[in-house]
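The block underneath contains the structure these notes are about, expressed in structure tokens.
There are 2 protein chains.
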Amino acid sequence: MRTAAIVGTGLIGTSVALALRAGGTATHLIDIDPVAARTAEALGAGTTEKPPDVVDIAVLAVPPTQVAPVLASLQKQGVARVYTDVASVKSLPRREAEALGCDLTSVVGGHPLAGGERSGPLIARADLFEGRPWVLVPSEPTSTLALNCALELVALCGATPVLLDAETHDRAVAVVSHAPHLICSLAAARLLDVDESVLRLAGQGLRDVTRIAGGSPSLWADILAANAGLVAAVLDSFAADVLEAADGLRQLAHGCDEGPDRVRGGARLIESLQRGADGRSTIPGKYGMRETAFSAVEVAVGDSPGELARLFADVAAVGCNIEDVDIEHSTDQRAGRVRVFVVRNRVHDLAAQLRLRNWVVQGS
Amino acid sequence: MRTAAIVGTGLIGTSVALALRAGGTATHLIDIDPVAARTAEALGAGTTEKPPDVVDIAVLAVPPTQVAPVLASLQKQGVARVYTDVASVKSLPRREAEALGCDLTSVVGGHPLAGGERSGPLIARADLFEGRPWVLVPSEPTSTLALNCALELVALCGATPVLLDAETHDRAVAVVSHAPHLICSLAAARLLDVDESVLRLAGQGLRDVTRIAGGSPSLWADILAANAGLVAAVLDSFAADVLEAADGLRQLAHGCDEGPDRVRGGARLIESLQRGADGRSTIPGKYGMRETAFSAVEVAVGDSPGELARLFADVAAVGCNIEDVDIEHSTDQRAGRVRVFVVRNRVHDLAAQLRLRNWVVQGS
């Protein structure tokens, strides 16, 4: 891949450009906002000069609803041999491209699973996609040349290609990303109903649950709108579950204390909660391992500079790799409890070694 | 406080006993399971011998539905001068105690906000309540003696007392704890509907959101059942929000592309998401500060023992205290990105100092 046009120089577009530059590809940066394009240029992501010739690939890093019109315009100008995009929704852009009469033989939709709550070229980096899944959704007309070119792009970005059809992709992200985001936002919004003083009673659980509700409202509205039908279907099923649970609870609230209805209601509630625990355990953790492959050693840590460093140095001295860290602290607490996750078979040894080094370690 | 009876030697009861022992109070351990009581005794939490005399306070650390019957039985035996409990629901036990004819002058309900997903005496510790809020819900008949005795208990455990009425307490925990727990369980259960292979597309957000769904189903069923009416009310409002959002999305999916309905639908969606972000920002962070008082420095960290230790040592060397840590890694990634949260006004300095020490630091 000798030449590429990056259309849209936000976080994803600029990061793709940086990765391609690092691999020696000549990148041409295009953005309707000339300041954004020049910012990406200043970061070393390529040149804002027009490509002198047809480029090997054009990467459309624009919002989902802009993919089809931008594609149509680029194809009309004959900018590239192959076109791909990075939108987190895949069916809508394809339908719109078809409606606009685009030539789909040279097109492969894509979706790199990277980025976070923030956006813009300033936080772009060449390694943003390193080791991440990058979904490609070739359609029936897609040529082998186009697919291979997209696979090369993914490889140059250090990502792992995942081939899916557009419908499967959109259904999956509706369940694992789009619907959970909206659900968390709606749950967090409920907190506006209570007096702020009682929010002191909130624990770490609530902070975890509502974290993603902090994402950009306008960006997420775009994503949700582009996958609206499938997200609505997930929300419908979910709302039905919530209403059923509410009914079950109301029966428990009004039922006689020890009657068979109460017992049945309690059993149904336990079953719902168990299904939640089962659903949670299906999420792959780091390296695709189930999270249960790791266990935590819980350590009390003082609230002064260097305490965590001392702890982590001691963990390293034992030869343990830290897979994850949880720091738990509540409203008024000056000292924290740190959960250090390591591979399961190192837990007992690590706990013993930390105790020898005078750490207050909880549990087994 | 010279003598106390701890009734129920699970995580909370045993931790209370350990804290009281550390303060010099003689503690008598009672549990319907003699093995649990002897385990707590072996941990140094007190004696399993019967108190020779009336104790100063009895702490009922039993499930919500057991509080009233146990209270009635203890009062009949004249075990203590003052009684309190630690159940996470407060109205139901009081109503049941009244119905059983208990003497409420000597009773103050309580709820220490501590503990986590795990339970049992083995993970108990004297400092479990250190700096945590501990709600007390005196009722009209509660004597000043009883309230002062409960306040002394809270002080001996190192917790911060918060006086509330039972109804306010139950409404607050329904919103900040009980309903979010069930919502997350139901959301996590939805993951059972999708093919496990597409769960590769799950990101850190989904892991955060579903974390609390990993709690004990039977323990949470007990808690939810005891606060069933108020939790059901929260779920009803929430389900209505979800259904409204689903309707809005369906209109977006079927509406014409650029019509005024679509614009209005998009605006409503942004507003919902904004309310979620606002709700999230009302949760107090560490020390009661809003979370926004802290900012993150994001650093790329290799996946070998000692990398985190080296990073944290460098942060400490700069004199920064780490307030929180996020480690982000996806399915296939061998290197992590660590977000180190520090007080906002240290962020730029810390980022600069870490860059000088050859760390790859993102953002400003």
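Listed in order, the protein sequences are those of chains A and B. Just so you know, we're using my numbering here: the first sequence kicks off at 1 and counts up by one. Just so you know, we're using my numbering here: the second sequence kicks off at 365 and counts up by one. Don't be surprised by glycine CBs; every beta carbon is placed ideally from N, CA and C.
On the DSSP bridge assignment, give the partners of residue i in chain order.
i: B:D449; result: B:L424
i: B:F602; result: Answer is none; B:F602 lacks a bridge partner.
i: A:R339; result: A:E298, A:D326
i: A:W134; result: A:P112, A:P161
i: A:V7; result: A:I30, A:L60
i: B:A444; result: B:V419
i: A:V361; result: A:V299
Residue i by DSSP, collapsed to three states: which one?
i: B:L714; result: helix
i: A:L29; result: strand
i: B:T648; result: Rather than Thr, the amino acid found at residue 648 of chain B in this sequence is Pro. Of the three classes helix, strand and coil, the one that applies to B:P648 here is strand, per DSSP.
i: B:T469; result: helix
i: B:T411; result: strand
i: A:V70; result: helix
i: A:T331; result: Since pLDDT at A:T331 reaches only 40, below the 50 mark, its modelled position is unreliable, and the value read off the structure follows with that caveat. Note: A:T331 maps to coil in three-state DSSP.
i: B:V627; result: helix
i: B:G484; result: coil
i: B:G683; result: coil
i: A:S304; result: coil
i: A:L249; result: helix
i: A:P93; result: helix
i: B:E608; result: helix
i: A:F312; result: helix
i: A:G23; result: coil
i: A:A126; result: coil
i: B:S636; result: helix
i: A:S139; result: coil
i: A:R377; result: An answer regarding residue 377 of chain A cannot be provided, because it is not within the stretch 1 to 364 covered by chain A.
i: A:L147; result: helix
i: B:V720; result: Note that residue 720 of chain B is Leu in the sequence shown, not Val. DSSP places B:L720 in helix when its eight states are reduced to three.
i: A:L18; result: helix
Rounding to the nearest angstrom, what Cα-Cα distance links residue i and residue j in this structure?
i: B:G388; j: B:D417; result: 17 Å
i: B:L511; j: B:I421; result: 11 Å
i: A:I6; j: A:A228; result: 27 Å
i: A:A166; j: A:G215; result: 25 Å
i: B:L714; j: A:G110; result: 37 Å
i: B:R575; j: B:Q638; result: 23 Å
i: A:V135; j: B:I376; result: 47 Å
i: B:D611; j: A:L235; result: 9 Å
i: B:R703; j: A:T48; result: 32 Å
i: B:D696; j: B:A566; result: Low confidence applies here, because B:D696 scores a pLDDT of 41, under 50, leaving its location unreliable and the question unanswered by this model.
i: B:P544; j: A:Q77; result: 52 Å
i: A:L113; j: A:K50; result: 29 Å
i: A:T27; j: A:R200; result: 52 Å
i: B:L438; j: B:D586; result: 22 Å
i: A:E291; j: B:V443; result: Any reading at A:E291 must be qualified, since the residue scores a pLDDT of 48, below 50, and its modelled position is unreliable; no value is offered.
i: B:V380; j: B:A490; result: 7 Å
i: A:V342; j: B:G666; result: 15 Å
i: B:F658; j: B:C466; result: 48 Å
i: B:R315; j: B:R719; result: This structure cannot settle anything about residue 315 of chain B, because the visible part of chain B is limited to 365 through 728.
i: A:I270; j: B:L588; result: 10 Å
i: A:V176; j: B:A552; result: 9 Å
i: B:L509; j: B:V472; result: 10 Å
i: A:A61; j: B:R644; result: 29 Å
i: B:E462; j: B:H533; result: 19 Å
i: B:E460; j: A:A239; result: 33 Å
Quick check: does the Cβ of residue i come within less than 7 Å of any heavy atom belonging to the ligand NAP?
i: B:K414; result: Only the bare structure without any ligand can be found here, which leaves the ligand NAP out of the picture.
Against chain D, does residue i count as a neighbour if the rule is that its beta carbon must be under 8 Å from one of theirs?
i: A:C184; result: Among the chains of the structure shown, chain D does not appear; the protein chains present are A and B.
Near-chain B residues of the stretch 212-230 of chain A - C-beta to any C-beta below 7 Å: Against chain B - using a Cβ distance shorter than 7 Å - the residues of the stretch 212-230 of chain A are I212, A213, G214, P217, S218, W220, A221, L224, A225, A228, G229.
Contiguous beta strand (DSSP E) assignments of at least 3 residues, all confined to the stretch 515-595 of chain B: If we require 3 residues or more, the beta strand (DSSP E) runs fully inside the stretch 515-595 of chain B come out as 524-527.
Chain A contacts made by the stretch 562-576 of chain B, where a contact means CB separation under 9 Å: Residues are counted here when their Cβ sits less than 9 Å from a Cβ of chain A; for the stretch 562-576 of chain B these are V562, L563, R564, L565, A566, G567, Q568, G569, L570, R571, D572, V573, T574, R575, I576, given in chain order.
Under 8 Å (Cβ pairs) to chain A, residues found in the stretch 494-507 of chain B: Taking 8 Å as the upper bound on Cβ-Cβ separation, chain A lies near residues E494, G495, R496, P497, V499 of the stretch 494-507 of chain B.
Cβ-based contacts, 9 Å cut-off: residues of the stretch 666-686 of chain B near chain A: Correct list: D667, S668, P669, G670, E671, L672, A673, R674, L675, F676, A677, D678, V679, A680, A681, V682, G683, C684, N685, I686.
Residues of the stretch 618-648 of chain B whose Cβ lies closer than 7 Å to any Cβ of chain A, in chain order: G630, L633, I634, S636, L637, Q638, R639, G640, A641, D642, G643, R644, T646, I647, P648: these are the residues of the stretch 618-648 of chain B whose beta carbon lies less than 7 Å from some beta carbon of chain A, given in chain order.
Residues in the stretch 600-613 of chain B having any Cβ partner in chain A nearer than 8 Å: Listed by position, the residues of the stretch 600-613 of chain B near chain A (Cβ gap below 8 Å) are D600, S601, F602, A603, D605, V606, L607, A609, A610, D611, L613.
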